[in-house]
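To start, the structure under review is shown below, and the notes come after it.
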Amino acid sequence: MAPGVLYFLVFHYGALFGNVVAFKEYVPFIGVVDSPFVGFGNFTALFAEPAFWSAAWNTLSLSLVQIVFFFPMPLALALLLHSVSQGRVRKFVQSVVYLPHFISWVIVIALFQQILGGDGLLNGLWGGGSGDNLVDVFGNPTAFQPLMVLELVWKDCGWGTIIFLAALHNVDEGLYEAAAIDGAGPWRRFWHVTLPSIRPVIILLLILRLGEILTVGFEQILLQRDSFGPATAEVIDTFVYYNAVTDGHWGMSAAAALFKGVIGACLVFAANKVAHRLGEQGVYR
201 MAPGVLYFLV
211 FHYGALFGNV
221 VAFKEYVPFI
231 GVVDSPFVGF
241 GNFTALFAEP
251 AFWSAAWNTL
261 SLSLVQIVFF
271 FPMPLALALL
281 LHSVSQGRVR
291 KFVQSVVYLP
301 HFISWVIVIA
311 LFQQILGGDG
321 LLNGLWGGGS
331 GDNLVDVFGN
341 PTAFQPLMVL
351 ELVWKDCGWG
361 TIIFLAALHN
371 VDEGLYEAAA
381 IDGAGPWRRF
391 WHVTLPSIRP
401 VIILLLILRL
411 GEILTVGFEQ
421 ILLQRDSFGP
431 ATAEVIDTFV
441 YYNAVTDGHW
451 GMSAAAALFK
461 GVIGACLVFA
471 ANKVAHRLGE
481 QGVYR
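For the sequence shown, our numbering gives the first residue as 201, with consecutive numbering after it.
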């Protein structure tokens with residue numbers, strides 16, 4: 201456990217010290233300690249910035265779309281894989297759907313651009329080489345959120361099935377046999393046996409996902425932000441990056457990141473409390 205514990209101590213708990221930048225007029229050349237203290241001045245400037253609220257709205261709307269359309273996908277895929285009776289076929293399919301997770305976002309986005317871009321494969325096939333862009337997803341603001349979800353499903357849906365498959369393997373087969381004897385069909389067995397058995401896992405993952413509701417994939421969006429424009433593709437993470445690294449507004453960017461973390465923590469606590477009220481264990485007791 202030592203390497204894992206050391207990782208969290210250094211890069212997560214140790215990094216919490218950097219939140220003090222949110223309360224200072226940080227100047228990299230003089231360091232965190234010597235930078236002047238401004239109290240909540242960075243938060244005041246942040247909340248008065250229209251670009252931040254636009255990024256927050258884009259983040260929240262994209263995250264809700266991901267929860268609705270991506271979160272059920274690993275469960276559905278896990279159910280399909282669990283229903284495959286032949287072990288070799290199941291292992292082969294699992295290996296195929298896991299593989300995209302290990303491909304970098306740079307490669308994934310390049311593949312989608314080669315297929316759905318203005319000079320992509322679909323235009324080459326449908327346009328017959330005429331040069332007419334019948335399909336150009338990149339650069340179309342209305343296609344931004346569906347494209348983000350499509351890329352995420354292709355890359356991480358298979359990887360997300362691991363926990364669901366482990367939960368499905370722990371379901372007592374005798375429950376299925378008893379339900380079948382009582383006349384329950386496949387759908388009723390799923391509704392009355394499968395879902396109640398894996399409900400704690402679903403709630404646990406949903407609570408953890410709510411804690412990251414303002415985190416929608418920094419690298420994925422950063423690589424495509426310029427194609428769709430900041431008005432559509434700017435999220436809190438890219439807002440923090442560009443305002444800190446590009447514009448040098450370190451204090452305001454740190455305030456935005458801290459605000460995001462506090463909201464995520466509050467959502468986890470609230471969702472965990474609701475889970476307890478419903479009789480589930482949640483993340484912690």
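All C-beta atoms, glycine included, are put in the ideal place defined by N, C-alpha and C.
The structure presented is a predicted model; accordingly, all values stated were derived computationally and were not measured.
Supposed close pair residue i, residue j - CB separation, criterion 8 angstroms
{"i": "G318", "j": "F428", "result": "The pair is not a contact, with the Cβ atoms about 14 angstroms apart (cut-off 8 angstroms)."}
{"i": "G358", "j": "Y441", "result": "Actually they do not touch by this definition, with Cβ atoms about 29 angstroms apart."}
{"i": "A276", "j": "V435", "result": "So it is not a contact: roughly 27 angstroms between Cβ atoms."}
{"i": "V265", "j": "V349", "result": "6 angstroms"}
{"i": "V293", "j": "L279", "result": "Going by Cβ atoms, the distance from V293 to L279 rounds to 13 angstroms, so no, they are not a contact pair."}
{"i": "L347", "j": "V337", "result": "6 angstroms"}
{"i": "S263", "j": "L404", "result": "With 8 angstroms as the limit, S263 and L404 do not qualify as a contact, their Cβ atoms being about 18 angstroms apart."}
{"i": "L456", "j": "F252", "result": "Per the sequence shown, residue 456 should be read as Ala rather than Leu. With 8 angstroms as the limit, A456 and F252 qualify as a contact, their Cβ atoms being about 6 angstroms apart."}
{"i": "M452", "j": "N258", "result": "That belief does not hold up - the Cβ atoms of M452 and N258 are roughly 18 angstroms apart, past 8 angstroms."}
{"i": "A433", "j": "F344", "result": "6 angstroms"}
{"i": "W387", "j": "Y226", "result": "Wrong, their Cβ atoms sit about 58 angstroms apart, outside the cutoff."}
{"i": "V401", "j": "I363", "result": "6 angstroms"}
Unbroken alpha helix (DSSP H) run spanning residue i, endpoints
{"i": "M273", "result": "P272 to S283"}
{"i": "I421", "result": "F418 to L422"}
{"i": "P341", "result": "No alpha helix (DSSP H) contains P341, which DSSP labels as neither H nor E."}
{"i": "D426", "result": "R425 to F428"}
{"i": "L395", "result": "L395 to G411"}
{"i": "Y442", "result": "First-last for Y442: undefined, no H or E at that position."}
{"i": "P300", "result": "Per DSSP, P300 belongs to no alpha helix (DSSP H) and is neither H nor E."}
{"i": "L458", "result": "W450 to R477"}
{"i": "I230", "result": "Taken as a continuous stretch (DSSP letters only), I230 belongs to no alpha helix (DSSP H), as it is neither H nor E."}
{"i": "Y376", "result": "E373 to I381"}
{"i": "Y207", "result": "A202 to F208"}
{"i": "W387", "result": "P386 to R389"}
Which residues DSSP lists as bridging residue i, in chain order
{"i": "F237", "result": "K224"}
Other residues of its chain near residue i: CB distance less than 8 angstroms, five sequence neighbours each side excluded
{"i": "L408", "result": "V468 and V483"}
{"i": "R399", "result": "E480"}
{"i": "W458", "result": "Correcting the residue type first, residue 458 is Leu in the shown sequence and not Trp. Hits under 8 angstroms: N219 and A222."}
Same chain only: Cβ atoms within 7 angstroms of residue i, ignoring 5 sequence neighbours per side
{"i": "V353", "result": "F270 and M273"}
{"i": "H301", "result": "K355, D356, G358 and W359"}
{"i": "V220", "result": "V232"}
{"i": "L423", "result": "W305, V306 and I309"}
{"i": "F247", "result": "none"}
{"i": "R290", "result": "L281 and V284"}
{"i": "A384", "result": "H392"}
{"i": "H476", "result": "G482"}
{"i": "Y376", "result": "R389 and V393"}
{"i": "K460", "result": "L414 and I436"}
Neighbourhood of residue i by C-beta distance below 6 angstroms, restricted to the same chain and skipping five residues each side
{"i": "L410", "result": "L467 and A471"}
{"i": "A379", "result": "R389 and V393"}
{"i": "G287", "result": "none"}
{"i": "T361", "result": "P274, L277 and A278"}
{"i": "D437", "result": "F418"}
{"i": "L420", "result": "For the sequence presented, residue 420 should be read as Gln rather than Leu. Taken in chain order, the residues that qualify are W305."}
Segments of 4+ residues assigned as alpha helix (DSSP H) that fall wholly inside the stretch 236 to 265: Here the runs fully enclosed are 241 to 247.
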